[in-house]
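In terms of the working numbering, the sequence shown opens at residue 17 and continues consecutively. All remarks here apply to the structure that follows.
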Amino acid sequence: MRVRTPLVTAVAAGSLAIAALGAAGTTARADTDGGTRTVEYFPDSHGEGRHARVPTSVPERISRLKQAPATAPDATKVTPLQRTGPSDGRLDLVIIGDGYTAGQQADFEEDAQAKLDAIFAIEPYKSYKGLFNFWLVDAVSNDSGVSGDPTQDVVKDTAVSSYFFCSDTERLLCVDEKKVDTYAQQAPDSDIVFVVSNSTKYGGAGYSGLTSTAGHTGIATMSSDNDRSYLIGAHELGHSIGLLADEYQYAGYGTYPGPEPTEANTTMRTADDMLNTRTKWYSWLGQNDPSGGTVGAYEGGGYYEYGIYRPTENSIMRSLDTDQFNLPGREAMIAGFYRDAALLTAGTSTARTLHTSSTLRVDLAPLPTGLSDVKVRWYVDGVEVRRAAGQQALKASALGVHKGTHTVTAKAVDRTAALRDPAARRAATDSVSWTVTR
Ligand SMILES: [Zn+2]
């Protein structure tokens with residue numbers, strides 16, 4: 017992730033989502049409180065989400081098994097499954113296996129690849145896969161399988177102690193966060209963590225708004241051999257990357273009390289009000305949406321039934337019977353990708369002053385051609401050198417730099433039609449600058 021990314025953004029979003037749950041008697045803090053935290057889960061593979069307070073530590077019947085891990089975390093094998101660029105210009109997704117023994121690591125790698133393939137077949141992950149690095153962490157467990165599978169009394173000694181029946185909810189798959197952090201730290205960088213637990217049982221959980229020692233802001237857990245559990249990961253990244261709200265509601269929650277939500281996909285405004293004030297998803301209203309139907313203002317969302325609207329009847333942020341983000345959701349996701357990753361990274365260090373005989377090089381993230389009209393443009397002291405457009409490496413002297421000290425800038429913009437909001441387009445604009453003397 018980029019250093020300039022304010023970590024607090026994700027934390028605030030998590031707190032906000034949970035603050036909305038206050039009416040159900042939960043706390044307004046995203047962080048631990050009295051040894052519990054709020055996580056999200058899906059009671060069935062086609063249903064809407066729910067939240068639950070879960071203990072931050074695993075139950076004693078599981079933790080007392082704590083033997084020495086089969087392989088110490090710092091001796092764990094880490095494989096760069098996909099590495100498209102430097103960590104400070106990429107979203108680093110760390111995938112940790114749980115409930116795989118030393119002899120089952122090939123199974124883990126296959127299972128992790130299957131989850132990534134399924135998630136990155138969904139737009140906009142599909143088009144922006146090149147902005148991610150994938151790190152596979154081969155955590156070795158003493159036992160095969162995880163606790164609570166198939167029944168609540170089953171206890172397994174595994175690397176990050178994942179277990180079903182968390183808070184007595186069968187489909188809720190919790191982990192020992194501290195152990196997850198210990199393994200996540202083995203990767204060069206960690207923005208988001210997936211824990212793939214060796215099980216055929218449907219289940220998972222989303223931990224968002226984290227401030228972990230490993231640097232990541234969210235953990236999504238999912239069972240390995242259930243063909244719908246990947247949707248939990250795809251949904252959770254909607255929170256942690258897109259800063260999106262849940263679009264589902266709880267019966268009996270009543271009317272949303274305000275204030276206007278900060279998330280891009282819920283609002284107190286009607287469609288007319290959005291159009292008149294040019295706010296939220298006004299520019300998408302009336303468009304055919306990939307989730308079905310048209311973009312409008314559908315009442316219910318952010319856990320409340322009335323007085324709050326979502327963009328479409330259904331979407332992956334409402335239920336897992338669809339794998340589609342709606343158009344405002346896609347836009348927020350792409351803006352989120354660019355908040356943490358860069359289209360353009362410096363191939364030549366920007367740390368020191370260069371001479372005009374130096375070669376200046378930039379690298380473009382490997383996005384699909386035709387997705388967007390990405391062209392590198394070059395500037396000297398803010399004035400474009402048009403003949404250099406499209407080049408990714410050139411000598412500063414070729415830009416006609418005069419005597420003295422100058423700033424050379426390379427800039428690229430993702431012009432995808434999936435972005436309509438000017439702020440999102442600005443997020444999709446990247447530049448690097450060097451100081452050059454002659
Ligand atoms: Zn959610």
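Ideal Cβ placement from N, Cα and C applies to all residues, glycine included.
- In the DSSP assignment, N242 forms no beta bridge with any residue.
- A residue is called buried when at least 16 other Cβ atoms come within 10 angstroms of its Cβ; A367 does not meet this threshold and is exposed.
- Under DSSP, V424 shares a beta bridge with V396 and W450.
- Rounded to whole angstroms, the separation of the alpha carbons of L147 and T425 is 21 Å.
- Looking from the CA of F124, the closest CA among G161, V417 and H232 belongs to G161.
- Taking a C-beta distance under 9 Å as the contact criterion, G312 and G323 do not qualify as a contact pair.
- Annotation: L189 is outside any alpha helix (DSSP H) and is labelled neither H nor E by DSSP.
- Judged by DSSP secondary structure, Y223 falls within the beta strand (DSSP E) whose first and last residues are G220 to S224.
- For D262, the distance from the CB to the nearest heavy atom of ligand 1 is below 8 Å.
- The nearest non-hydrogen atom of ligand 1 is 8 Å or more from the C-beta of M349.
- Look at D90 here: in three-state DSSP terms it is helix.
- Relative to ligand 1, the beta carbon of G220 is positioned no closer than 8 Å to any heavy atom.
- Taking the Cα positions, S299 is about 16 Å away from F341.
- H62 has its Cβ no nearer than 8 Å to any heavy atom of ligand 1.
- Closer than 8 Å to some heavy atom of ligand 1: that does not describe the Cβ of E400.
- The closest heavy atom of ligand 1 lies less than 8 Å from the beta carbon of G254.
- Following the DSSP letters along the chain, one finds L152 inside the beta strand (DSSP E) bounded by residues F148 to V153.
- For E193, the number of other beta carbons within 10 angstroms of its own is at least 16, and it is reported as buried.
- For T229, same chain residues with a beta-carbon under 8 Å away, outside a window of 5 residues either side, are D197 and Q201 in chain order.
- The continuous stretches of beta strand (DSSP E) do not include G302, and DSSP gives it neither H nor E.
- Excluding the 5 residues flanking it on each side, V74 has same chain C-beta neighbours closer than 6 Å at S177 and D192, in chain order.
- A Cβ-Cβ separation of about 6 Å places R334 in contact with E64 under the 8 Å criterion.
- When the alpha-carbon of G222 is set against those of S215, N214 and G234, the nearest one is in G234.
- For K296, the closest alpha carbon among the candidates T361, Q120, L435 and V452 is that of L435.
- Of the other Cβ atoms in all chains shown, 16 or more fall within 10 Å of the Cβ of H67; this residue is therefore buried.
- Listed in chain order, the non-local C-beta contacts of G164 below 7 Å within the same chain comprise V170, Y179, F180 and F181, local neighbours out to five positions each way being set aside.
- Judged by DSSP in its simplified three-state form, T293 adopts helix.
- Look at the beta carbons and you see the segment 209-216 touching the segment 235-251: at least three pairs across the two are nearer than 8 Å.
- The DSSP-derived three-state label of Q265 is strand.
- For E56, the Cβ falls inside the 8 Å cut-off from some heavy atom of ligand 1.
- Non-local C-beta neighbours of R106 in its own chain, meaning closer than 7 Å and more than five positions away in sequence, comprise T100, L147, F148, N149 and A357, ordered along the chain.
- DSSP places F210 inside the beta strand (DSSP E), whose first and last residues are I208 to S213.
- In the DSSP annotation of this structure, R402 is not part of any beta strand (DSSP E), being labelled neither H nor E.
- Boundaries of the alpha helix (DSSP H) harbouring D127: Q121 to I135, taken from the DSSP string.
- When rounded, the separation of the alpha-carbon atoms in L291 and D108 is 37 Å.
- Cβ-Cβ distances below 7 Å link G352 to I257, G258 and L259 in the same chain, with the five nearest sequence neighbours on each side left out; the list follows chain order.
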